[in-house]
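Trainee: Handing you this structure, nothing more for now.
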Amino acid sequence: LEEPLIFEIGHAETTGVDFPTPLPGGEGAKARLAGMERTDPIGLPGLSEPETIRHYTRLSRQNYAIDLGLFPLGSCTMKHNPRLNEKVARMPGFADVHPLQPVDTVRGALEVVNELAHWLIDLTGMHGVAMSPKAGAHGELCGILCIRAALEARGDAREVILVPESAHGTNPATAAFAGYKVEDIPATPEGRVDLEALKARLGPDVAGVMITNPNTCGLFEPDMKAISDAVHEAGGFVYCDGANFNAIVGKVRPGDLGVDAMHINLHKTFSTPHGGGGPGSGPVVLSEALAPYGPLPFTARDGDGVVHLVEEENAAEFDHTRAFGRMTAFHGQMGMFTRALAYMLSHGADGLKQVAEDAVLNANYVLRSLEDVLDAPFGHSGPCMHEALFSDKGFAEGLSTLDLAKALIDEGYHPMTMYFPLVVHGAMLVEPTETESKAALDQFIMALRSVAERAKSGDESLKTAPHYAPRRRLDETQAARKPILAWNDPDMV
Amino acid sequence: LEEPLIFEIGHAETTGVDFPTPLPGGEGAKARLAGMERTDPIGLPGLSEPETIRHYTRLSRQNYAIDLGLFPLGSCTMKHNPRLNEKVARMPGFADVHPLQPVDTVRGALEVVNELAHWLIDLTGMHGVAMSPKAGAHGELCGILCIRAALEARGDAREVILVPESAHGTNPATAAFAGYKVEDIPATPEGRVDLEALKARLGPDVAGVMITNPNTCGLFEPDMKAISDAVHEAGGFVYCDGANFNAIVGKVRPGDLGVDAMHINLHKTFSTPHGGGGPGSGPVVLSEALAPYGPLPFTARDGDGVVHLVEEENAAEFDHTRAFGRMTAFHGQMGMFTRALAYMLSHGADGLKQVAEDAVLNANYVLRSLEDVLDAPFGHSGPCMHEALFSDKGFAEGLSTLDLAKALIDEGYHPMTMYFPLVVHGAMLVEPTETESKAALDQFIMALRSVAERAKSGDESLKTAPHYAPRRRLDETQAARKPILAWNDPDMV
Amino acid sequence: MRYLPLTDTDRSDMLEKVGAPDIDALFSDVPEEARLSGPIEGLPMHASEMAVEKHMRRLSKKNLAASDAAFFLGAGAYKHHIPASVDHIIQRGEFLTAYTPYQPEIAQGTLQMLFEFQTQVARLYGCAVANASMYDGSTACWEAVAMAGRVARGRKRKVVLSGALHPHYAEVVRTMAKFTEDEIADAPPSLAPAPDDDGLIARIDENTSCVVVQYPDILGRLPDLARIAEAAHEKGALLIAVNTEPVALGAIKSPGELGADIVVGEGQSIGVGLQFGGPYLGLFAVRDPKHVRMMPGRLCGETVDAEGKRGFVLTLSTREQHIRREKATSNICTNSGLCALAFSVHMTLLGEKGLRQMAMENHRLACLAADRLARVPGVTLLNDSFFNEFTIRLGTDARTIVRALADKGVLAGVSLGRLFPDNPELADGLLVAVTETTSEEDIETLASALEGELA
Amino acid sequence: MRYLPLTDTDRSDMLEKVGAPDIDALFSDVPEEARLSGPIEGLPMHASEMAVEKHMRRLSKKNLAASDAAFFLGAGAYKHHIPASVDHIIQRGEFLTAYTPYQPEIAQGTLQMLFEFQTQVARLYGCAVANASMYDGSTACWEAVAMAGRVARGRKRKVVLSGALHPHYAEVVRTMAKFTEDEIADAPPSLAPAPDDDGLIARIDENTSCVVVQYPDILGRLPDLARIAEAAHEKGALLIAVNTEPVALGAIKSPGELGADIVVGEGQSIGVGLQFGGPYLGLFAVRDPKHVRMMPGRLCGETVDAEGKRGFVLTLSTREQHIRREKATSNICTNSGLCALAFSVHMTLLGEKGLRQMAMENHRLACLAADRLARVPGVTLLNDSFFNEFTIRLGTDARTIVRALADKGVLAGVSLGRLFPDNPELADGLLVAVTETTSEEDIETLASALEGELA
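Protein chains in written order, with the UniProt record's numbering: chain A, 35 to 527; chain B, 35 to 527; chain C, 1 to 455; chain D, 1 to 455.
Okay, here's the thing in structure tokens:
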């Protein structure tokens, strides 16, 4: 059964919410709307509660999700989302408090923020943390703005940010958004940042570098400390993209490698649900050099152990007058903080270390189980971190990474990350995460092996895959050429 | 992907629950298990939390459910289950209280039971209610035991219960379980109880009758009052099966028709979820004659408005020494009471009347929309109540009600009730309920019309339906002949 | 009305289609004098979700939730920690709003779950076959007694109950037996450190269809099931073992292993929660597969579909009421499906390792509590043996003490006076249950409160 | 470790397969001196679900939940009743644990929902096209300013902010503008009964890329958007309307209808809840379809699949960072997906009828509250016009009063002193929000408490 749109089944006069009949007349009923009363129809269809539940339940069943199977998206870290965290986030003292309540009525909430901040600082070996960024990309912007503020504070305007060509698209976009010119750093044939090329480019115009470590080829940058030292020596700062922190949490602290700022995607490393595209949360840990520039608001514990909210009003009391400003209206993603903290407390320091170890073990297991049928361009470089990178080398003429990925859907799996990183042709980046069992990996490996063999032997049916999904391949070109971005009643067209 | 059994993927050493490592030694650790320590393996596989969520999520998707579509099961009343009720049932003051807590610590819970009891009494026009029965059939037993206790109290042992041939199987089973002989009452060609035949059979050996009204043919018994009067005159009692109360709630009160006892399936009329087979809840409303014999425990409000729990200990204080005993360990299905009460408060007296009206309107709409393609044996008797009855008359040779029902699965619907009531050949009993929209009914009618036409034209593909369900027809004969009722490790066989 | 999708336009269109002038025309079979013209008087009109939620929350807050107190109640219902994922699963619409799986092609989710559940229960109980669940422990107990009567083909009419069977369970059996005319042989319980197995065995005779023994018993003690089984079998009677705390079976031998023929019990501890007494989960299993066709309740079995794929169906339904009517083995026509799911999910999360750890943690804390409470002046510990629940004697009516402590936010346990109101000699007994949710601070709170009250 | 499925046996089997002697061999790229040998010090070890839940519950209880108080806070975040079915839907694993719908064949659930959401938002705002959501209202506001700069192709560098724009929103714009070098023209708000539309219009000039006006404004007043739009368009500037209370748009004309070019706002009121400030839901729409390709954020569009069936995809991604990198319209790479779902479900339940009823109920109660509070000695009502939030003046520092009332369990509103710490002349203002969750008793409680405090 195809599920119609709410606009096709709902009615303006139907509602799934009952309101008391308003008292007619009465002193309070006088409208004070300055003559702006909305008179024309809005065009919002309503459904009764049974119809609503059914509509969304049916829609949901057209989605793939972690709860249904392995999600091998490299660099996206789709891991299990514990249900305890959902329960915790809904406790009334967290879910039902207003951001502007008097601080004495929200001390417990502030303690959550502060406790989480300290976990993040301890796990990364950094000095401070900006909690308010709303997502990873927002955190990147926050980190870059800290760098910019620190440079301006010393009267040292610089205009270039260096970004490796393997970086996530958000890195250059962020740097540009913050007003920087972006320049590429090349990669070595082993998939690492070319240290010498980087050193050669450093100079008084370079504000900093944005490095992803582990990088998007799934490899740890062994020269990280040398990179940091060189950048610092040249007067710049080191931004580390924390997207892949899951691979190293508890095993190595970015602060020990000279990083100045790093955002942490709470959903990747600390299991807040992805939700079909958000909401995210991107706290940014900061080195001693950058911490004074972190944005408002944030939390701080005083000598008596009381946690305070530091805002414009009281920044001076907390010696934080150099804050570069404010990134968002309120205090950040509380609903994600409670989940992430519950996750950290559940795992503890020992469990988080195990997370990294199992994530890396699972990825290497996938790499070594498939390198005989799929080309692993950096397989010879040694172990990978939490994701295994393959290329389309050896595929039959006319078959692409996309075809293989779509065929994987018919095997019951979400495709892996495709065509990223850009440095590898037809890249396929597979990240199983630590929450997959060996049995689940073995089944996935078998499926991927089978489609890989079909891709190499030239099985043309791959080109029309998927065949068993709720939809066949969708016409994305038409969607972009003649965009239909809202429903229009066909009877009215 | 086929979902394996937990025994095929789990391990004895895997667990999805963490416990603190027990303190070694210590005064408390001495085992006082009388030498009964369990030593042999139990054979219980464990799964980690991610594996558990995935196993049950995948399993769930092999089910049909109200949340996915219309559920036309006659007499089973599969209606929408409001989510507010789920939330209410989980409030800590209801979900997290022990049945034996001191009554001063559970007054609110007792008020729920008492408030619900009063709704049930008012809606049925009865005198009292036994709240503890755990399900409809348990309630039937409770009602029959009340009748037996009342007869014994007046020294009048009677041994026969009369049951119409169209009755639910639970009716004769219950009467037999309570030690009665069961005799049939015939039906008229119009699908009603044969009043004259009933009167003829009444006598000093008849303890009572068990009538379903509206009956299982979907018709209201217009002679109900006359039946009650005749039974009472003969010294017996009238038990009414309340399974179909949904059709008449708010429109007529069984107490006004002379009923002495009636169970109410909370899930049918008052929307507690069916849960794939339970738990149910079957409070029994009682007439003035039977109320003194109702079982313990129950609740009662005193003159000061305080609600008490009446148990063995204090039955005398509440003038209830004639209770026939106790049907269950505690006080009934609290988790269902909270849901049902929330539902009643939501609908109110006006909404419940509308429930009955819409349920009956929907059923008549289905009846009249399909009687040209499906034989409606009592269609000429006038309007039906909340369910429409059809027969297999006119099907092509070799095709049965079962075939039509299984073909309906391929159209995206759960089959209707089949081969019940027994008084109609190849019966199909369709109950849409009041929570279906006209659009949903129209779509269902179209689907049923199409399979009915195929059944009449002799489409052989019906015999192997369903074709698009998670399973084809299952071999029930083999299941019963060589029962496999637990998993045995094939490696151990 | 948020749950009713029909609009007024729909209603008049549909009335026209069915040829009725108004809605009351469809109720013409209801005698006019009985037909109600307006909403029933004395009841409120419809209310918004917000208003209903507020009302129910107000009632909820008038109760003391177990988690808000130092909590020690047991006696057949135990407070355990239930993982959040259990509730997540049982709220999946596909489980919550599904019907009884009579159409197996579109109910494999529920059916496979039941098959797994039956296997888990059978293994926990040391039995061959378990059914798909009953209403609760007390009704399962009665069904076991009725089944024993069927096994004896009505030739044995005596049912021997242990005096230390949960008094509510015994009362349910007595209530039902009044109508089946079985003779109930029971004995008052006595406050002894160990159960009176000898006295029980002495009451078994050739006319006995079954012996019903609770394990651990209502006072927390462990009877010698193996010895009782032997004695029962010698007289041709079945041993029915009743267990109200399944967690115990992670630490002590299963009743099946010790010779019980039918094992029944309450499954509430695993996955279900307190809920003021219901819905709970009746467990029912038989040791000998030859007794399967005498069992009450639903059974799920493995089979294959038309393509040979493994699948599951409800089976042996010729025992059941919808087929056999008055000749059915029971009138039961539901199981406790969603509670069985909760049990099965929780048990799957636990696994053997988790269940054993949970049991040992319960026992460890119970030992700690027993020793601590025994040091309170005026308190004596009754039990020689126990798992997570034991009896202490206070030397004064425990009901009074329980009520006094409740006023201080301490839910101290279940007084034997409440359970056995007709036995004044038990009145100074207090049943104390301890689980993994009990903290050492809770134990200290109870001990201090008792010290204060008994001083 | 309950979230980690690998057993120790699995681990050693797998290490063997990958040819590593131990797990540390897989971390050989990490310089040995930086590699940590054991768990990080100073952090606790793993804990049971029960222990974590207890800890978090303890922290939760240290807060005063809005539902446990007479509650009147607004200023960009509103407490509304959210139907229970909204939370049920967003907890479906298929929505909760799905990824961004880049693989449309297996993400039609999320995609169709987003298409419906976009349409709902566009209609609510009176616009042609809405995107699939942003982080929150304040960042959406900044994105709108940045977009206006793109529309002006960098040729206009002045951004005119209304003084009655939420100060946190203004601060976000100011923070970001520091780096884009836009000139921000704003003005302090004044405690006048109506917004200073004239003053705002006077600040618009030929170099102005956009004018940002909140509607209703931070003090609850209704600016004359149509007039401002006309003035802006005359100078070639775009009007950006900011709405922080979508419920208002059930009662008052949409910004698009009144001529706003970009409409942004906070969607939290519908479906999302308070959550101490996040996650919230940024709404973003444009009136003129020709501006679509300048928009930031994700867009979902309709198309067909290879069989011609209707389907939905993320589209126009050439605007986005993962394709365009440093040339993207924004660096944003998420939307607030699950919050958008919550919004869309709640809006579907409401429908036009429900939204209008909800709006009128909010307004009715707000009128009632305004009139009641105006009768408190010492209190003056500022607003000529308002929807569900208005400003009262207390004649004394409102911050002190708010804190004093909080101690009595009354959350009286947001003091202007907290919002505008640098403007002492606003310090006696208190912003009071009233919604359908406010009872008449709550209003009376606040009025009496104020009477007591101001006496």
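Glycine residues also receive a C-beta, built at the ideal position from the N, C-alpha and C atoms.
List the residues of chain D that T437 of chain C touches, going by C-beta distances under 8 Å, in chain order.
Mentor: Going along chain D in sequence order, the residues near T437 of chain C (Cβ under 8 Å) are M50.
Trainee: Can you round the beta-carbon distance between A264 of chain B and K233 of chain B to whole angstroms, since I take them to be within the 8 Å contact cut?
Mentor: 5 Å
Trainee: At a CB-CB cut-off below 9 Å, which residues of chain B make contact with G273 of chain D?
Mentor: Per Cβ cutoff of 9 Å: no residues; G273 of chain D is ~14 Å from chain B at best.
Trainee: Taking T244 of chain C as the reference, which of C:A229, C:L165 and C:C210 has the closest Cα?
Mentor: C:L165
Trainee: If the cut is a Cβ gap below 7 Å, which residues of chain C does residue 544 of chain A touch?
Mentor: The structure shown does not extend to residue 544 of chain A, since chain A is modelled only from 35 through 527, so no value can be given for it.
Trainee: Can you look up T110 of chain C in the DSSP assignment and give me helix, strand or coil?
Mentor: helix
Trainee: Return yes when at least one heavy atom of the ligand ATP lies under 7 Å from the C-beta of G93 of chain D, else no.
Mentor: Among the ligands in the structure shown, none appear at all, so the ligand ATP cannot be discussed.
Trainee: Could you tell me if R188 of chain B is buried or exposed, where buried requires 16 or more neighbouring beta carbons within 10 angstroms of its beta carbon?
Mentor: That one is exposed.
Trainee: What three-state label does DSSP hand G59 of chain B in the structure shown?
Mentor: Any answer about G59 of chain B is weak, because its pLDDT of 47 lies below 50 and its placement is not dependable; what the coordinates show is given next. In this structure, G59 of chain B counts as coil in the three-state DSSP scheme.
Trainee: Quick one: what's got a C-beta closer than 8 Å to M125 of chain A's C-beta in the same chain, skipping five residues either side?
Mentor: T372
Trainee: Check whether chain A comes within 8 Å of E487 of chain B, counting only Cβ atoms and requiring the distance to be less than that.
Mentor: no
Trainee: Just tell me which of D:L36, D:T445, D:S138 and D:L281 has its CA closest to the CA of I270 of chain D.
Mentor: Comparing alpha carbon positions, the residue from D:L36, D:T445, D:S138 and D:L281 closest to I270 of chain D is D:L281.
Trainee: Do V172 of chain D and S138 of chain D have their C-beta atoms closer together than 8 Å?
Mentor: yes
Trainee: P31 of chain C and H346 of chain C: beta carbons closer than 8 Å?
Mentor: no
Trainee: For I443 of chain D, which three-state DSSP category applies?
Mentor: Here I443 of chain D sits in helix by DSSP.
Trainee: Once you ignore the five residues that flank T318 of chain C on each side, which residues in its own chain have a CB closer than 7 Å to its CB?
Mentor: R324
Trainee: Tell me which residues share the same chain as A129 of chain B and place their Cβ nearer than 8 Å to its Cβ, disregarding the 5 neighbours each side in the sequence.
Mentor: A123 and G369
Trainee: Taking 8 Å as the threshold (C-beta atoms), are M378 of chain B and F304 of chain B in contact?
Mentor: yes
Trainee: I'd like the ranges of any alpha helix (DSSP H) spanning at least 4 consecutive residues and lying wholly in the region 83 to 162 of chain D.
Mentor: 84 to 90, 93 to 96, 108 to 125 and 137 to 151
Trainee: Going by beta-carbon coordinates alone, are L324 of chain A and A349 of chain A separated by less than 8 Å?
Mentor: no
Trainee: At 9 Å on the CB atoms, spell out the chain D contacts of F358 of chain B, in chain order.
Mentor: Under the 9 Å cutoff, chain D gives no residues; its nearest Cβ is about 39 Å from F358 of chain B.
Trainee: For V340 of chain B, count neighbouring C-beta atoms within 10 Å of its own C-beta (all shown protein chains included) and say buried if the count is 16 or more, exposed if not.
Mentor: exposed
Trainee: Enumerate in chain order the residues of its own chain whose CB-to-CB distance from A128 of chain D is below 7 Å, with the five nearest sequence positions on each side excluded.
Mentor: A122, V286, R287, D288 and P289
Trainee: Consult DSSP for I479 of chain B and reduce its assignment to one of helix, strand or coil.
Mentor: helix
Trainee: Checking contacts by CB at 8 Å: is A98 of chain C closer than that to chain B?
Mentor: Chain B contact via Cβ: present.
Trainee: For K285 of chain A, which three-state DSSP category applies?
Mentor: coil
Trainee: Which runs of the alpha helix (DSSP H) fall wholly inside the region 205 to 240 of chain D and span at least 4 residues, in chain order?
Mentor: 225 to 234
Trainee: Please confirm if P83 of chain C has its CB atom under 8 Å from at least one CB of chain D.
Mentor: yes
Trainee: Check each candidate in A:S109, A:F254 and A:L343 and name the one with the smallest Cα separation from R141 of chain A.
Mentor: A:L343
Trainee: Using a Cβ-Cβ cut-off of 8 Å, state whether E510 of chain A counts as contacting chain D.
Mentor: yes
Trainee: Counting contacts by CB-CB distance shorter than 8 Å, is P5 of chain C in contact with chain B?
Mentor: yes
Trainee: Would E61 of chain A count as contacting chain D if we go by Cβ distances under 8 Å?
Mentor: With a pLDDT of only 46 at E61 of chain A, under 50, the local geometry of the prediction cannot be trusted, and the value read off the model is given with reservation. Yes, contact with chain D.
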